[in-house]
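Undergrad: Per our numbering, numbering through the sequence shown is continuous, rising by one, with the last residue being 715.
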Amino acid sequence: MPFRRYVPVCSLFPKVTSLALLILLTQAISLAQDDPLHIWAGKLDRAGTEKWVGDHLAREQKYLDDLLAVKGQRTIENTLRPFDDAQNELNVAGSQAYLMFALASQKDVRDSGQALFQKVQQAGSALALNQEVYRALTAVDVAMADPATRHYMERTLLEYRLAGVDKDASTRAEIKKQLDHITESQLKFGRNVQENPNHVVVKDKSDLAGLPPDFVAAHAPAENGAITLSTDETDSTPVMTYAASEDLRKKMYMAYNTRAYPENKDILLDILKTRYDLAKILGYSTFADLATADQMIGTAANMKTFLEEVDSASLPDSRREYDLLLAFAREKHPGITSIPAYAHSYWADQYARERFNFDSQSVRPYFPYDRVQQGVLDTASNLFHVTFKPATDLPVWDPSVSAWNVFDGSQLIGRFYLDMHPRAGKDKWFSSAPVVPGIKNRQLPEGVLMCNFAGGKAGDPGLMQYSDVVIFFHEFGHLMHNILGGQQAWSGVAGFQTETDFVEAPSQMLEEFFHDPGILRSFAKHYQTGEVLPVDLIERMNRASAFGRAGWVQAQLFYSTYSLDLHDRAPAQVDLDAILRTDFSRFFPYPFVDGNRFYASFTHLMGYSSNYYTYVLDKVIALDFFSQFDRGDLLGGDTAMRYRRTVLEPGGSKPGTELVRGFLGRPQNLEAFKLWMDEEFRDPAK
Ligand SMILES: [Zn+2]
């Protein structure tokens with residue numbers, strides 16, 4: 030469906046502002062043997078989760094007390110270490126309270142997770158504004174320390190200043206109040222989307238014409254023949270891509286784009302106002318300026334310039350794509366004057382069938398969920414020289430979740446959990462999150478994938494669309510970054526705790542591996558016959574999937590620009606609907622549909638605030654990275670190991686720009702990105 034295809038596939042750990050990013054994405058410390066590292070290991074109910082989080086918060090306080098009690102000279106060991114340990118407590122507790130909020134099967138545990146996550150965030154805000162701790166840190170001499178420690182200290186002090194630690198007591202109290210308020214509102218916003226899908230009811234099976242047989246079979250009609258479809262991705266994506274009925278697609282489009290409306294509208298406006306007030310208190314003219322101050326991009330003005338460059342590079346091709354699609358649709362339905370938003374995916378699919386002889390449904394039988402999972406694991410294993418083994422003895426929060434150990438040679442270096450199929454009340458999106466932060470020789474990094482792929486039910490092979498498989502690769506890229514980067518001495522620089530606008534580079538880099546015939550043929554086998562995905566079908570699929578890239582980029586620019594436009598002005602100038610219409614019309618070639626309230630379910634506004642551009646910037650970096658690999662032998666040579674060593678393993682111990690330079694030998698540029706976009710028009714078969 031349009032937004033599914035265009036929206037990114039990952040939402041990282043939610044955060045309040047750049048300062049909360051520090052608090053919630055930094056982590057560390059080994060816990061005592063008898064201290065469970067997992068909230069779900071004990072009794073998974075309200076009392077159990079409250080006690081578990083309470084214990085971590087008590088330990089956080091103990092580390093801070095120890096830190097502040099130091100007499101005499103401040104050192105890395107007596108000050109930075111307990112600071113890092115304190116943050117680790119917050120991060121273990123915050124990460125897992127959030128997981129229970131997003132993933133627990135029982136409603137009371139989700140409620141509890143929500144409340145506890147807020148509580149941890151509040152403790153995080155308090156630490157971020159603690160002047161005594163800040164002064165103690167500034168008194169540590171790191172001049173002779175290793176580069177990672179120096180970088181960690183510099184970034185920590187920067188985040189303290191951005192948080193307003195140097196303000197007077199009443200101002201700090203006001204900042205904290207606003208941060209806590211934003212946290213609470215963000216969780217409400219997310220939960221409204223998570224727990225209240227919209228539904229579309231069709232009168233009988235005939236309305237599902239065009240949809241795959243297994244989709245129809247999986248939707249049993251009620252006694253009167255009516256079939257209820259939900260806005261969950263497993264229903265909405267196939268409907269938007271395949272349904273012959275334009276009426277059904279339009280209904281689904283509207284149902285999808287009015288999720289959590291109207292309840293989230295006021296919540297969003299309130300969040301935008303609070304963020305703006307916060308930015309003002311902290312000396313910034315807008316929230317976008319505050320939110321970019323600790324990012325690679327540096328300022329909102331730089332962001333704007335970057336987005337304009339990408340716009341110039343993608344606009345002509347995107348219009349060319351649209352004209353081709355419109356001409357094609359006219360051949361089929363003379364008299365059409367434009368392709369509406371709710372017909373775009375459908376016509377793109379039809380176009381691929383005819384022009385590239387590619388039927389996207391024809392590859393689904395080769396992508397049953399279980400084989401795809403094994404294929405993604407095997408590819409990552411070969412690429413990064415690690416092995417994965419099921420960890421059947423580890424407790425999980427739901428019987429459908431699997432746990433895995435990660436080995437580098439014979440050494441256990443991390444763990445991850447796969448929660449891959451929809452459940453009632455579960456988060457609706459596709460994302461990767463930290464579970465336990467890694468610290469070299471002290472604590473194993475752990476991560477999780479939270480996804481909503483087909484399958485997971487007895488008798489359902491879980492046939493995936495190829496875009497689903499790409500998403501799986503993407504999320505696994507995050508996971509590898511989290512685990513391989515989780516071997517640093519400090520929790521605060523572990524895993525993907527780099528600048529947020531670098532985080533989507535390793536994930537988008539791994540997406541590119543999906544197109545390689547050798548890799549695809551290693552796992553894509555027909556779920557009934559075992560036949561390997563034919564080479565010519567892969568070629569047609571790749572040609573078809575290259576079509577529409579410039580339009581995809583334009584859509585990304587829409588999300589980026591809309592996110593920026595809500596955060597680069599005073600609240601009085603924010604009209605959610607008017608800006609939506611303007612930005613939509615600027616970047617999409619098809620008309621805006623009245624009644625579209627997309628913002629009410631645009632959850633990236635919570636986690637990424639003004640900074641959706643992250644995906645575009647990181648796509649540029651990812652393609653530049655990928656251009657370094659030998660296309661004829663992706664898994665061979667030393668490029669993959671060089672990538673692992675220079676980009677993934679440093680985690681957040683270096684600025685993103687240095688990671689880029691370390692691998693490329695220069696800053697990123699738009700060249701590989703432009704070649705990638707142009708690929709569709711270089712194909713003579715077209
Ligand atoms: Zn992602």
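Ideal placement from N, C-alpha and C gives every residue a C-beta, glycine not left out. Note that this is a predicted model, so its numbers are computed, not measured.
Measuring from the CB of E504, is there a heavy atom of ligand 1 at a distance below 8 Å?
TA: Your numbering for residue 504 matches position 475 in the sequence shown. It does: the Cβ of E504 is within 8 Å (strictly closer) of some heavy atom of ligand 1.
Undergrad: Could you say which of G661, F616 and L646 lies nearest to P696 if we only look at CA atoms?
TA: For this step, residue 696 is matched to residue 667 along the sequence shown. Taking only the C-alpha atoms, the option nearest P696 is L646.
Undergrad: Starting from the Cα of D197, find the closest Cα among Q116, A255, S520 and I310 and give me that residue.
TA: Locating residue 197 in the sequence shown gives position 168, where the first residue counts as 1. Comparing Cα positions, the closest option is I310.
Undergrad: Indicate whether A358 and Q379 have their beta-carbon atoms separated by less than 9 Å.
TA: Position 329 of the sequence shown holds residue 358. Position 350 of the sequence shown holds residue 379. Taking 9 Å as the cut-off, the beta carbon of A358 is found closer than this to the beta carbon of Q379.
Undergrad: Verify the contact flag: E533, CB atom, against every heavy atom of ligand 1, threshold strictly below 8 Å.
TA: For the purposes of this step, residue 533 is identified with residue 504 of the sequence shown, where counting begins at 1. Result yes, Cβ under 8 Å from ligand 1.
Undergrad: Just to confirm my understanding: we take Q147, look at its own chain, exclude 5 residues before and 5 after, and list those with CB closer than 7 Å. What are they?
TA: Within the sequence shown, numbered from 1, the residue matching residue 147 stands at position 118. Excluding positions up to five away in sequence, the list reads T212, E213 and L216.
Undergrad: Look up R452 in the DSSP assignment and say whether it is helix, strand or coil.
TA: Counted from its first residue, the sequence shown places residue 452 at position 423. In the three-state scheme derived from DSSP, where H, G and I count as helix and E and B as strand, R452 is classed as coil.
Undergrad: Cβ of Q537 versus every heavy atom of ligand 1: is any distance shorter than 8 Å?
TA: The residue you call residue 537 lines up with position 508 of the sequence shown. Yes; taking the cut-off as 8 Å, the Cβ of Q537 has a heavy atom of ligand 1 nearer than that.
Undergrad: For the beta strand (DSSP E) containing E275, name the first residue and the last one.
TA: Counting from 1 along the sequence shown, the entry for residue 275 is found at position 246. Boundaries around E275 are those of the alpha helix (DSSP H), E275 to Y285, since no beta strand (DSSP E) includes it.
Undergrad: For A61, which residues of its own chain have a beta-carbon under 6 Å away from its beta-carbon, when the five flanking residues on both sides are left out?
TA: Sequence index remark: in the sequence shown, residue 61 carries index 32 (1-based). Low local confidence applies: a pLDDT of 34 at A61 is under 50, so the model's placement there is unreliable, and no value is given.
Undergrad: Report the residue from T366, E262 and S341 whose alpha carbon sits nearest the alpha carbon of N227.
TA: Here residue 227 corresponds to residue number 198 of the sequence shown, with the count starting at 1. Taking only the C-alpha atoms, the option nearest N227 is E262.
Undergrad: Which same chain residues end up closer than 8 Å to Y644 when comparing Cβ atoms and leaving out the 5 residues on each side of it in sequence?
TA: As a working note, residue 644 is residue 615 in the sequence shown. Once the five neighbours on either side are set aside, the close Cβ partners of Y644 are P37, E533, Q537, Q585, Y588 and S589.
Undergrad: Among the residues of its own chain, which have a CB less than 8 Å from the CB of M325, if the five just before and after it don't count?
TA: Within the sequence shown, numbered from 1, the residue matching residue 325 stands at position 296. Excluding sequence positions up to five before and after M325, its CB lies within less than 8 Å of the CB of E528, D530, F531, L646, P684, G685 and T686, all in the same chain and listed in chain order.
Undergrad: Mind reading off the beta-carbon distance from Y351 to P618? Whole number of angstroms is fine, and I expect it under 8 Å.
TA: The sequence position of residue 351 within the sequence shown is 322, counting from 1. The sequence position of residue 618 within the sequence shown is 589, counting from 1. The Cβ separation is near 4 Å, so the contact holds.
Undergrad: Check H414 in the structure and name its three-state DSSP category.
TA: For this step, residue 414 is matched to residue 385 along the sequence shown. DSSP, read as helix, strand or coil, puts H414 in coil.
Undergrad: Run through the stretch 626-684 for me and flag every whole alpha helix (DSSP H) of 4 or more residues, listed as ranges in chain order.
TA: Within the stretch 626-684, the complete alpha helix (DSSP H) segments at least 4 residues long are 633-636, 643-655 and 668-672, listed from N- to C-terminus.
Undergrad: Going straight from the alpha carbon of A284 to that of V171, what length do you get?
TA: Residue mapping note: residue 284 aligns to position 255 of the sequence shown, counting from 1. Residue mapping note: residue 171 aligns to position 142 of the sequence shown, counting from 1. Distance between the alpha carbons of A284 and V171: 55 Å.
Undergrad: Of the residues K648, I548 and Q516, which one's Cα is nearest the Cα of R471?
TA: For the purposes of this step, residue 471 is taken as residue 442 along the sequence shown, with counting starting at 1. Nearest option by C-alpha distance: Q516.
Undergrad: Under 7 Å Cβ to Cβ from I567, same chain only, skipping five residues before and after it: list those, please.
TA: On the sequence shown, position 538 is the one that residue 567 refers to. So the list reads P546 and L549, once near-sequence residues are dropped.
Undergrad: Could you give the distance in angstroms between the alpha-carbon of R88 and the alpha-carbon of S520?
TA: The residue you call residue 88 lines up with position 59 of the sequence shown. The residue you call residue 520 lines up with position 491 of the sequence shown. Between R88 and S520, the C-alpha separation is close to 16 Å.
Undergrad: From G404, P535, V477 and D114, pick the residue whose C-alpha is nearest to that of L688; which is it?
TA: Reading the sequence shown from its first residue, position 659 is the one you call residue 688. Each of G404, P535, V477 and D114 was checked against the Cα of L688, and the nearest Cα belongs to P535.
Undergrad: L166 to V522, Cα distance in whole Å?
TA: As a working mapping, residue 166 is identified with position 137 in the sequence shown. As a working mapping, residue 522 is identified with position 493 in the sequence shown. C-alpha separation (whole angstroms): 16 Å.
Undergrad: Please state whether the Cβ-Cβ distance between S638 and A320 is less than 9 Å.
TA: Residue mapping note: residue 638 aligns to position 609 of the sequence shown, counting from 1. Residue mapping note: residue 320 aligns to position 291 of the sequence shown, counting from 1. Taking 9 Å as the Cβ cut-off, S638 and A320 qualify as a contacting pair.
Undergrad: Run through DSSP, which three-state label would S259 get?
TA: Taking the first residue of the sequence shown as 1, we reach residue 259 at position 230. Three-state DSSP puts S259 in a strand.
Undergrad: Can you give the Cα-Cα distance for F42 and T558, rounded to whole angstroms?
TA: For the purposes of this step, residue 42 is taken as the residue at position 13 of the sequence shown. For the purposes of this step, residue 558 is taken as the residue at position 529 of the sequence shown. Note that F42 scores 31 on pLDDT, short of 50, meaning its location in the model is unreliable; the coordinates nonetheless yield the value given after this. Each residue's Cα considered, the two are about 41 Å apart.
Undergrad: I think F396 touches V498, with their Cβ atoms under 8 Å apart; what is that distance to the nearest whole Å?
TA: Looking up residue 396 in the sequence shown gives position 367. Looking up residue 498 in the sequence shown gives position 469. Right, the Cβ-Cβ distance comes to about 6 Å (below 8 Å), so this counts as a contact.
Undergrad: Within 10 angstroms of its Cβ, does S347 collect 16 or more other Cβ (buried), or is it exposed?
TA: Counted from its first residue, the sequence shown places residue 347 at position 318. Under this definition S347 is a buried residue.
Undergrad: Are there any heavy atoms of ligand 1 lying less than 8 Å away from the beta-carbon of S592, as far as the coordinates show?
TA: Position 563 of the sequence shown holds residue 592. The answer is no for S592.
Undergrad: What are the boundary residues of the alpha helix (DSSP H) that includes M16?
TA: With the chain covering only 30 through 715, there is no way to say anything about residue 16.
Undergrad: For ligand 1, is there a heavy atom less than 8 Å away from the beta-carbon of H248?
TA: Position 219 of the sequence shown, counting from 1, holds the residue named residue 248. Within 8 Å of the C-beta of H248 there is not a single heavy atom belonging to ligand 1.
Undergrad: At a cut-off of 8 Å, would you count H507 as near ligand 1, judging by its Cβ distance to the nearest heavy atom?
TA: Numbered from its first residue, the sequence shown carries residue 507 at position 478. Within the cutoff, so yes.
Undergrad: Please report how far the alpha carbon of M706 lies from the alpha carbon of A289, in whole angstroms.
TA: Here residue 706 is taken as the residue at index 677 of the sequence shown, counted from 1. Here residue 289 is taken as the residue at index 260 of the sequence shown, counted from 1. Taking the straight line joining both Cα atoms gives about 34 Å.
Undergrad: Measuring CB atoms only, is the stretch 478-485 touching the stretch 439-454, in the sense that at least three cross pairs come out at less than 8 Å?
TA: yes
Undergrad: If you follow the beta strand (DSSP E) that L478 is in, where does it begin and where does it stop?
TA: For this step, residue 478 is matched to residue 449 along the sequence shown. Where L478 is concerned, the enclosing beta strand (DSSP E) starts and stops at E475 to M479.
Undergrad: In its own chain, which residues sit with a C-beta less than 6 Å from the C-beta of I406, not counting the 5 before and 5 after it?
TA: Residue 406 sits at position 377 when you count from the first residue of the sequence shown. In the sequence on display, residue 406 carries Leu and not Ile. Counting only Cβ-Cβ distances below 6 Å, and skipping sequence neighbours, we find F417.
Undergrad: Roughly how many whole angstroms lie between the Cα atoms of Y181 and I105?
TA: Mapped onto the sequence shown, residue 181 falls at position 152. Mapped onto the sequence shown, residue 105 falls at position 76. Roughly 11 Å separates the two Cα atoms.
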